[in-house]
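What follows is one structure encoded as structure tokens, with my remarks underneath.
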Amino acid sequence: MAVKKEGVTYDEIVRSVRAGNFAPVYYLMGEEAYYIDKVSEFIVDTALKEEEKDFNLTVCYGTDVINAAKRFPMMAERQVVLGREAQSLPGKERLSFYLEHPQTSTVLIFCHKHGVLDKRKKLAVDIQKTGVLFESKKLYDSQLPGFVTTFLRRK
387 MAVKKEGVTY DEIVRSVRAG NFAPVYYLMG EEAYYIDKVS EFIVDTALKE EEKDFNLTVC
447 YGTDVINAAK RFPMMAERQV VLGREAQSLP GKERLSFYLE HPQTSTVLIF CHKHGVLDKR
507 KKLAVDIQKT GVLFESKKLY DSQLPGFVTT FLRRK
């Protein structure tokens, strides 16, 4: 189901990643955690081969994500830094400085569940310029039949 999310849909992100076009940063936020998890899993699985994940996949829970993003990949084309629980990650304000000159070999993913960034702030504007700001809005009961139909069609 192509639910519109701040100018970028789930399907558009999947199509772009499948084609090998990775943005330097993906900020996935919103009330519907399903799409946030699906997009982050798809990016990780597409960007890294299974044998590359041991050295080049960094999952951060409340640690400094920016320092991890500045590292270089080990024996691979790219590394993926996954920031879980981004609503409580320290140092998010430093992300604007990182976005001025992002590491070209890093795919940085933030998963901000059950909330959104203020789109009027500098951080949200910088993310939209450099990367992908994806808002996963809560599905209403009236949207569930279409979601289930699309989900089953994909399976």
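In my numbering, the protein residues as written are 387 to 541.
We treat Cβ as the ideally placed atom computed from N, Cα and C, and that holds for glycine.
Distance from residue 414 to residue 496 at the Cβ level is roughly 7 Å; contact confirmed, criterion being Cβ atoms closer than 8 Å. Membership of residue 445 in the beta strand (DSSP E) is indicated by the continuous run 443-447. The C-beta separation of residue 470 from residue 445 comes to about 6 Å, placing the pair in contact by the 8 Å criterion.
By the neighbour-count criterion, in which a residue is buried when 16 or more other Cβ atoms sit within 10 angstroms of its Cβ, residue 416 is buried. The Cβ neighbour count for residue 528, taken over all protein chains shown within 10 Å, is under 16; the residue is labelled exposed. Here the stretch 451-464 lies against the stretch 479-490, with 3 or more beta-carbon pairs under 8 Å apart.
For residue 484, the enclosing alpha helix (DSSP H) begins and ends at 481-486. For residue 469, the enclosing beta strand (DSSP E) starts and ends at 465-470.
Within its own chain, the residues whose Cβ lies closer than 6 Å to the Cβ of residue 409, once the five positions on either side in sequence are excluded, are 517, 518, listed in chain order.
The beta carbon of residue 412 lies closer than 8 Å to those of 399, 425, 426, 429, 493, 494, 495, 496, 517, 518, 520 in the same chain, with the five residues before and after it left out.
Residue 466 is a Cβ neighbour of residue 443, given a cutoff of 8 Å.
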